[in-house]
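Listed in order, the protein sequences are those of chains C and X.
The numbering used here puts the first residue of the first sequence at 226, with every later residue one more than the last.
The numbering used here puts the first residue of the second sequence at 51, with every later residue one more than the last.
All residues carry an ideal CB built from backbone N, CA and C; glycine is no exception.
For clarity, every value in this text was computed on a predicted model and none was experimentally measured.
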Amino acid sequence: MTVSLSLCLIISAALFSIGLLAALSRRHAIFILIGIELMLAAANLNFIAFWRFGPDPQNPTGVMVAIFSIAIAAAEAAVGLALVIAVYRHYRTTNVRRFNQLKG
Amino acid sequence: MSTIAFIVIAIFTLAGALAAACLRKLIHAALCLVVAFLGLAAFYFLLGAEFVGLVQVFVYVGAVAVLIVFTILLTRRVDEDTGGINWAGAAVAAIVFGGLAWAIYRTPSLAISSSPIEALTVKQIGETLMTSYVWPLQCVGVLLTAALIGALVLVMEERR
Numbered sequence: 226m227t228v229s230l231s232l233c234l235i236i237s238a239a240l241f242s243i244g245l246l247a248a249l250s251r252r253h254a255i256f257i258l259i260g261i262e263l264m265l266a267a268a269n270l271n272f273i274a275f276w277r278f279g280p281d282p283q284n285p286t287g288v289m290v291a292i293f294s295i296a297i298a299a300a301e302a303a304v305g306l307a308l309v310i311a312v313y314r315h316y317r318t319t320n321v322r323r324f325n326q327l328k329g
Numbered sequence: 051m052s053t054i055a056f057i058v059i060a061i062f063t064l065a066g067a068l069a070a071a072c073l074r075k076l077i078h079a080a081l082c083l084v085v086a087f088l089g090l091a092a093f094y095f096l097l098g099a100e101f102v103g104l105v106q107v108f109v110y111v112g113a114v115a116v117l118i119v120f121t122i123l124l125t126r127r128v129d130e131d132t133g134g135i136n137w138a139g140a141a142v143a144a145i146v147f148g149g150l151a152w153a154i155y156r157t158p159s160l161a162i163s164s165s166p167i168e169a170l171t172v173k174q175i176g177e178t179l180m181t182s183y184v185w186p187l188q189c190v191g192v193l194l195t196a197a198l199i200g201a202l203v204l205v206m207e208e209r210r
């Protein structure tokens, strides 16, 4: 068995599903952010895999998209964690079930 | 490209990610997230994208993981229960993985193996970044500046 594109994609799909699991099934805001980071990282792995196994690996489009995606993930993490701290100051908790002030 | 190394790194990465998603203690989850990110960087090295692997280590392990740990320490309370797994969410994640794996398995054109290529040099990446991708680069710069200023504004103490 050699490393093929489908093996990379399976690993990436597993990573995405684990991120989805963390984002959907935990009640803690930081776990939800961890899940989102994992999903973005899985997308990056897909970009790199398609670039590597694609017809023209000398053209660095996949690498460029992955680099920009990492930069955007860093910005997202900074704003998301700042939001967690701001909400914590207000509610004194990070459990997302308690954030119910806008609930109808 | 060594298949055994690939499988071992895959197991490490997925185990770290699963631990980061399922552990009860937040700080342990953050440290397992570091393991998962390092495994991903090893993937990038194996796939021939050394620069992206280095950027992954710098940005994710050096910045994002440290930011997550700082946030955990700033928002920690002793009596707080992080709660267990909500099984409906786990079922949705399993269904999504099943669908994706089925689609990948059923697509015959994805079963291609790698051909040896010479690695992409940093010089090449820099030239491409400064010629064809100069507008996206500027936009990402503006986005990062705006995001960091926004994060500062969000966490600033309100003065009365």
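Buried versus exposed, by CB contacts within 10 Å (16 or more), residue i
{"i": "X/Gly112", "result": "exposed"}
{"i": "X/Leu160", "result": "buried"}
{"i": "C/Ser331", "result": "Coverage of chain C is limited to positions 226 through 329, which leaves residue 331 of chain C absent and any answer about it impossible."}
{"i": "C/Asn284", "result": "exposed"}
{"i": "C/Val288", "result": "buried"}
{"i": "C/Pro282", "result": "buried"}
{"i": "X/Leu83", "result": "buried"}
{"i": "X/Glu177", "result": "exposed"}
{"i": "C/Ser250", "result": "buried"}
{"i": "C/Cys233", "result": "buried"}
{"i": "X/Trp185", "result": "exposed"}
{"i": "X/Ala70", "result": "buried"}
{"i": "X/Tyr110", "result": "buried"}
{"i": "C/Ala239", "result": "buried"}
{"i": "X/Tyr155", "result": "exposed"}
{"i": "X/Thr63", "result": "buried"}
{"i": "X/Leu172", "result": "One point to set straight first is that residue 172 of chain X is Val, not Leu, in the sequence displayed. With fewer than 16 other Cβ atoms within 10 Å, it is exposed."}
{"i": "X/Val203", "result": "exposed"}
{"i": "X/Leu96", "result": "buried"}
{"i": "X/Ile118", "result": "buried"}
{"i": "X/Val192", "result": "exposed"}
{"i": "X/Gly66", "result": "buried"}
{"i": "X/Ala55", "result": "exposed"}
Near the ligand MN: residue i beta-carbon under 8 angstroms from a heavy atom
{"i": "X/Ile199", "result": "The model on display carries no ligand, and the ligand MN is accordingly not part of it."}
Beta-carbon proximity list for residue i, same chain, < 7 angstroms, skipping 5 on both sides
{"i": "X/Ala201", "result": "none"}
{"i": "C/Leu230", "result": "Ala274, Phe278"}
{"i": "C/Ala291", "result": "Asn269, Phe272, Ile273"}
{"i": "X/Ala115", "result": "Ala80, Leu83, Val84, Phe87"}
{"i": "X/Ala169", "result": "Gly98, Glu100"}
{"i": "X/Val73", "result": "The question names Val, but residue 73 of chain X is Leu in the sequence shown. Here the set comprises Ala79, Cys82."}
{"i": "C/Leu306", "result": "Leu258"}
{"i": "X/Ile175", "result": "Phe101"}
{"i": "X/Tyr94", "result": "Val102, Gly103, Gln106"}
Limits of the alpha helix (DSSP H) - the one that residue i falls within
{"i": "X/Met180", "result": "172 to 181"}
{"i": "X/Glu100", "result": "100 to 106"}
{"i": "C/Arg251", "result": "First-last for C/Arg251: undefined, no H or E at that position."}
{"i": "C/Phe324", "result": "Taken as a continuous stretch (DSSP letters only), C/Phe324 belongs to no alpha helix (DSSP H), as it is neither H nor E."}
{"i": "X/Ile59", "result": "53 to 72"}
{"i": "C/Met289", "result": "286 to 316"}
{"i": "X/Leu188", "result": "Correcting the residue identity first, residue 188 of chain X is Gln in this sequence and not Leu. Element bounds for X/Gln188: 184 to 205."}
{"i": "X/Val111", "result": "That residue, X/Val111, is in no alpha helix (DSSP H); it is neither H nor E in DSSP."}
{"i": "X/Arg156", "result": "137 to 156"}
{"i": "X/Gly89", "result": "76 to 96"}
Contact set for residue i: own chain, Cβ-Cβ below 8 angstroms, skip 5 residues either direction
{"i": "C/Thr319", "result": "His253, Ala254, Ile255, Val309, Val312, Tyr313"}
{"i": "C/Ile295", "result": "Asn269"}
{"i": "C/Arg322", "result": "Arg252"}
Neighbourhood of residue i by C-beta distance below 6 angstroms, restricted to the same chain and skipping five residues each side
{"i": "X/Glu208", "result": "none"}
{"i": "C/Gly260", "result": "Gly244, Ala247, Ala248"}
CB contact check: residue i to chain A, cutoff 9 angstroms
{"i": "C/Gln326", "result": "No chain A appears in this structure, whose protein chains are C and X."}
Which residues of the region 259 to 279 of chain C have a Cβ closer than 8 angstroms to any Cβ of chain X? Give them in chain order.
Shown in chain order are the members of the region 259 to 279 of chain C whose Cβ falls below 8 angstroms from a Cβ of chain X: Ile259, Gly260, Glu262, Leu263, Ala266, Asn269, Leu270, Ile273, Ala274, Trp276, Arg277, Phe278.
Any contact of the region 295 to 302 of chain C with the region 58 to 69 of chain X, i.e. 3+ C-beta pairs under 8 angstroms?
Judged by pairs of C-beta atoms under 8 angstroms, the region 295 to 302 of chain C does not touch the region 58 to 69 of chain X, as fewer than three such pairs exist.
Any contact between the region 102 to 116 of chain X and the region 84 to 91 of chain X? By contact I mean 3 or more CB pairs, one from each, below 8 angstroms.
Contact holds: three or more Cβ-Cβ distances are below 8 angstroms.
Quick check: the region 115 to 122 of chain X against the region 64 to 83 of chain X, are there 3 or more CB pairs under 8 angstroms?
Flag = yes, the region 115 to 122 of chain X and the region 64 to 83 of chain X touch.
Do the region 237 to 248 of chain C and the region 260 to 273 of chain C make contact, defined as three or more Cβ pairs closer than 8 angstroms?
At 8 angstroms Cβ cutoff, the stretches touch.
Residues, ordered as in the chain, of the region 76 to 89 of chain X that lie near chain C by beta-carbon distance below 8 angstroms
Cβ contacts with chain C come from Leu76, Ala79, Ala80, Leu83, Ala86, Phe87.
Which of the residues in the region 227 to 247 of chain C, read from start to end, lie with their CB under 8 angstroms from any CB of chain X?
Considering only beta carbons, the part of the region 227 to 247 of chain C lying closer than 8 angstroms to chain X consists of Thr227, Val228, Ser229, Leu230, Ser231, Leu232, Cys233, Leu234, Ile235, Ile236, Ala238, Ala239, Leu240, Phe241, Ser242, Ile243, Gly244, Leu245, Leu246, Ala247, in chain order.
For the region 295 to 309 of chain C, which residues have a CB atom closer than 8 angstroms to at least one CB atom of chain X, in sequence order?
Cβ contacts with chain X: Ile295, Ala296, Ile297, Ala298, Ala299, Ala300, Glu301, Ala302, Ala303, Val304, Leu306, Ala307, Leu308, Val309.
Going along the region 136 to 164 of chain X in order, which residues come within less than 8 angstroms of chain C, judged by CB to CB distance?
Taking a C-beta cut-off of 8 angstroms against chain C, the contacting residues of the region 136 to 164 of chain X are Asn136, Trp137, Ala138, Gly139, Ala140, Val142, Ala143, Ala144, Val146, Phe147, Leu150, Ala151, Ile154, Tyr155, Thr157, Leu160, Ala161, Ile162, Ser163, Ser164, listed in chain order.
What residues in the region 98 to 114 of chain X bring their beta carbon closer than 8 angstroms to a beta carbon of chain C?
Hits within the stretch, in order: Gly98, Ala99, Phe101, Val102, Val105, Gln106, Val109, Tyr110, Ala113, Val114.
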